[in-house]
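In my numbering, the protein residues as written are 3 to 62. The beta-carbon is built from N, C-alpha and C at its ideal position, and this holds for glycine as well. Since we're looking at a predicted model, the values are computed, not measured.
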């Protein structure tokens, strides 16, 4: 059975962050989601929930 075609209903942008350890990548990502959430353009993702990889959570 064929899948239904996905229809995007809002603008979409992929953003990647590259940087050294403890230079604010997660903080920047949390800030971006907070600003977008304030403008009703995205859901806020807290700092604690951004790093999903176990090795990232271990580092803090």
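C-alpha of residue 45 to C-alpha of residue 37: approximately 10 Å in a straight line. Assigned with DSSP and collapsed to three states, residue 37 falls in helix. Straight-line measurement puts the Cα of residue 31 at about 13 Å from the Cα of residue 54.
Residue 19 carries a coil assignment under DSSP once its states are collapsed to helix, strand and coil.
The three-state secondary structure of residue 56, taken from DSSP, is helix.
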